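*Asks:* Residue numbers (numbering that gives the first Met the number 0): 0 to 445. Quick one: the structure is below, questions incoming.
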Amino acid sequence: MRSKELIKSIILILLVLMSVVLTYMTWNFSPDLANVDNQDSNNKASEANTIGKPLSEGMDQVITPYQVVHSKSEKTEGMAATKQNVESTLKPLKNHRVLHAEQMHSNHNLIIPDLTDEFLIFDFSYDMPLATYLGQALNIDAKVPNNFKFDRLIIDNNEDGNVKLYAISKDRHNVVRMTTSAKLSNFKKVVKTQHKYMQPYTEIITNKDTIDRATHIFAPKAPKALKSYHTIYNRISVDTMNSILFNDSVVVRSTKSSTATYNNNTGVANYNDESEKYRYTNLSEDENRSTNMQDSIPSTFDYINNHGGFTDDFRLFNIDNKNGELTYQMFLNGRPTFNDDDLNNIKVSWGDKGVFSYARALLKANVTIDSGEDDTKLPGAETVRSELANNPEINFEKVTNMTIGYNMEDKPDKSDIEIQRNSEFKPQWYVQYDGKWRAYEDGGLE
Numbered sequence: 000m001r002s003k004e005l006i007k008s009i010i011l012i013l014l015v016l017m018s019v020v021l022t023y024m025t026w027n028f029s030p031d032l033a034n035v036d037n038q039d040s041n042n043k044a045s046e047a048n049t050i051g052k053p054l055s056e057g058m059d060q061v062i063t064p065y066q067v068v069h070s071k072s073e074k075t076e077g078m079a080a081t082k083q084n085v086e087s088t089l090k091p092l093k094n095h096r097v098l099h100a101e102q103m104h105s106n107h108n109l110i111i112p113d114l115t116d117e118f119l120i121f122d123f124s125y126d127m128p129l130a131t132y133l134g135q136a137l138n139i140d141a142k143v144p145n146n147f148k149f150d151r152l153i154i155d156n157n158e159d160g161n162v163k164l165y166a167i168s169k170d171r172h173n174v175v176r177m178t179t180s181a182k183l184s185n186f187k188k189v190v191k192t193q194h195k196y197m198q199p200y201t202e203i204i205t206n207k208d209t210i211d212r213a214t215h216i217f218a219p220k221a222p223k224a225l226k227s228y229h230t231i232y233n234r235i236s237v238d239t240m241n242s243i244l245f246n247d248s249v250v251v252r253s254t255k256s257s258t259a260t261y262n263n264n265t266g267v268a269n270y271n272d273e274s275e276k277y278r279y280t281n282l283s284e285d286e287n288r289s290t291n292m293q294d295s296i297p298s299t300f301d302y303i304n305n306h307g308g309f310t311d312d313f314r315l316f317n318i319d320n321k322n323g324e325l326t327y328q329m330f331l332n333g334r335p336t337f338n339d340d341d342l343n344n345i346k347v348s349w350g351d352k353g354v355f356s357y358a359r360a361l362l363k364a365n366v367t368i369d370s371g372e373d374d375t376k377l378p379g380a381e382t383v384r385s386e387l388a389n390n391p392e393i394n395f396e397k398v399t400n401m402t403i404g405y406n407m408e409d410k411p412d413k414s415d416i417e418i419q420r421n422s423e424f425k426p427q428w429y430v431q432y433d434g435k436w437r438a439y440e441d442g443g444l445e
């Protein structure tokens, strides 16, 4: 009996001591917020240095053709270059290698004697280094001629069993013929599935360099009625752009009317809050931009993508090899968009060690919907060709490309308390004339 009382007493004493210890720890508890503060600070810094989510698919989502054309004997079909169409068509080519390559030159019209009567064409709106496209967009191991640039890639339906590629230069006088390890049977299966997206295309000859089947200009023969679209934008903050481009603290040097200037020891940026256009120049780089596109294309892609700068369907659309500036342009439904005020593009150039200049509108699409307007019926390619060829103010030999795109009309809604930026996208013919894309209208070029 006495032993039971003793045990109860010991247990009671232990409980009292535990209560005292817990009470003391509660009164003296001080949470360590250092890590929490640091984590929160790091999250905010990370958010401040990004515009959106980086692309996970890789460079082939941005370095793409603007159209895909299939030619077989007298029948020619083509399709807009939606991401899904391009990805599916190129998949059989990726992750292979070039077994053999040789360059051919012609002083006159380029003729490829071993090209069969059936082939697929990828048309690009710019000329780019072949090694860069094969190696970094398609992950093809290739030894090809240094500094060779192309703007058309042909995949031939040969009888050898392996895929043969022909990369054609912009001037249509040079071609690199390549035999790859990719199996032609796999490629033909994919092309067959893509025919449901194709429509009749026509072949156009504009000068002595486009008279062969491999060098024709291809464009939709009788375009289907196309919808117009309405887009509402979100804004990208100036502070976010400054945090991305400036290495340290930035100072507002001046604010005048609707324009603000920001700078530090390494760079200067200008922003206009009416046009919502932002331009940065890196003062620490050399005055001359790099014109080496084998470095500039992957470098600018990585730079923009790392901070989520491809907020919409931006794709490389123009390369200024002389000034070193690259233009990434917004696409809609696989078709390029055009805007006179450059609200639809990112212009960037590279220096010796980093970005030299960076310009864009601080807008990103929030929602894009059918505008509700009647579908637009555009004239056929032959009508466009005929009217341009007969226009005395146009030298038709300078026409190098024709395509259907969207005219981006900027329409701010001033009826709202906070002005909402809107745009209307309307389908229209566009013609690359003397190196520049211009809208076709009423038999002429705007």
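All C-beta atoms in this analysis are idealised placements derived from N, C-alpha and C, irrespective of residue type, glycine included. The structure presented is a predicted model; accordingly, all values stated were derived computationally and were not measured.
Taking only three categories from DSSP, how would you classify P30?
*Replies:* A caution first: P30 carries a pLDDT of 41, below 50, which makes its placement in the model too unreliable to give a value.
*Asks:* Hey, could you find the ends of the alpha helix (DSSP H) T382 is sitting in?
*Replies:* Per DSSP, T382 belongs to the alpha helix (DSSP H) from A380 to A388.
*Asks:* Within 10 angstroms of the Cβ of A213, are there 16 or more other Cβ atoms? Answer buried if so, exposed if not.
*Replies:* Buried: at least 16 other Cβ atoms inside 10 Å.
*Asks:* When you compare only the Cα positions, how much space is there between V347 and G266?
*Replies:* When rounded, the distance between both Cα atoms is 15 Å.
*Asks:* Measure the C-alpha to C-alpha separation of V49 and A388 and round it to an integer number of angstroms.
*Replies:* Going by the sequence as given, residue 49 is Thr instead of Val. When rounded, the distance between both Cα atoms is 48 Å.
*Asks:* Per the DSSP calculation, Q102 is bridged to which residue(s)?
*Replies:* The partner list for Q102 (beta bridge, DSSP) reads V175.
*Asks:* Check for me: the beta strand (DSSP E) holding T336 runs from which residue to which?
*Replies:* Residues R334 to F337.
*Asks:* How long is the line joining the alpha carbons of A218 and E381, rounded to whole angstroms?
*Replies:* Distance between the alpha carbons of A218 and E381 is about 9 Å.
*Asks:* With a 10 Å radius around its C-beta and 16 neighbouring C-beta atoms as the bar for buried, classify H194 as buried or exposed.
*Replies:* So H194 ends up on the exposed side.
*Asks:* Can you give me the C-alpha to C-alpha distance between T402 and I303, rounded to a whole angstrom?
*Replies:* If I take the Cα positions, the gap works out to 27 Å.
*Asks:* I'd like the list of long-range same chain contacts for G160, defined as Cβ closer than 8 Å, with 5 residues on each side in sequence excluded.
*Replies:* Excluding residues within five positions, the ones whose Cβ falls inside 8 Å are K182, L183 and S184.
*Asks:* DSSP puts V162 in a beta bridge; with which residues?
*Replies:* According to DSSP, which records beta bridges pairwise, V162 is partnered with nothing at all.
*Asks:* Assuming N138 contacts N94 (C-beta within less than 8 Å), just tell me the rounded distance between them.
*Replies:* Going by Cβ atoms, the distance from N138 to N94 rounds to 5 Å, so yes, they are a contact pair.
*Asks:* Is S242 close to chain B? Criterion is C-beta to C-beta, closer than 8 Å.
*Replies:* The structure shown contains no chain B; it holds only a single protein chain.
*Asks:* Can you check the segment 322 to 370 for any beta strand (DSSP E) of at least 3 residues that lies completely inside it and give the ranges in chain order?
*Replies:* Counting whole runs of 3 or more residues, the segment 322 to 370 contains the beta strand (DSSP E) stretches 324 to 331, 334 to 337, 344 to 349, 354 to 360 and 362 to 369.
*Asks:* How many Å lie between E202 and G134 at the Cα?
*Replies:* Taking the straight line from one Cα to the other gives about 31 Å.
*Asks:* Does the distance from the C-beta atom of V143 to that of M177 stay below 8 Å?
*Replies:* Contact: yes.
*Asks:* Could you give the DSSP three-state label for V267: helix, strand or coil?
*Replies:* Three-state result, V267: strand.
*Asks:* Can the beta-carbon of E171 be found less than 8 Å from the beta-carbon of L92?
*Replies:* Reading off the sequence shown, one finds Arg at residue 171, where the question assumed Glu. Cβ atoms of R171 and L92: not closer than 8 Å.
*Asks:* Given this structure, state the Cα-to-Cα distance separating S227 from I368, to the nearest angstrom.
*Replies:* If you take the alpha carbons of S227 and I368, they lie about 9 Å apart.
*Asks:* How is the beta strand (DSSP E) around D238 delimited, first residue to last?
*Replies:* Taken as a continuous stretch (DSSP letters only), D238 belongs to no beta strand (DSSP E), being part of the alpha helix (DSSP H) at V237 to L244.
*Asks:* DSSP has D113 in a bridge; who is on the other side?
*Replies:* The partner list for D113 (beta bridge, DSSP) is empty, contrary to what the question assumes.
*Asks:* Short check: CB of Y200 to CB of V68, under 8 Å?
*Replies:* Cβ atoms of Y200 and V68: closer than 8 Å.
*Asks:* Judging by CA-CA distance, which residue of P112, T399 and F355 is the nearest neighbour of K169?
*Replies:* Closest by alpha carbon: T399.
*Asks:* With DSSP as the reference, label M292 as helix, strand or coil.
*Replies:* Residue state, collapsed to three classes: helix.
*Asks:* Cutting at 7 Å between CB atoms, please list the residues of its own chain near S180, excluding the five before and the five after it.
*Replies:* Counting only Cβ-Cβ distances below 7 Å, and skipping sequence neighbours, we find H95, R96, L98 and N161.
*Asks:* According to DSSP, is I393 part of a helix, a strand, or is it coil?
*Replies:* If DSSP states are grouped into helix, strand and coil, I393 belongs with coil.
*Asks:* Less than 7 Å between C-beta atoms, sequence neighbours within five positions excluded: which residues of the same chain meet that for E158?
*Replies:* Nothing meets the Cβ criterion.
*Asks:* Looking at F337 and G404, is the spacing between their C-beta atoms short of 8 Å?
*Replies:* In this structure, F337 lies closer than 8 Å to G404 by Cβ.
*Asks:* Among residues of its own chain, excluding the 5 on either side of N269, which ones have a beta-carbon nearer than 7 Å to its beta-carbon?
*Replies:* The residues are T258, T260 and R278.
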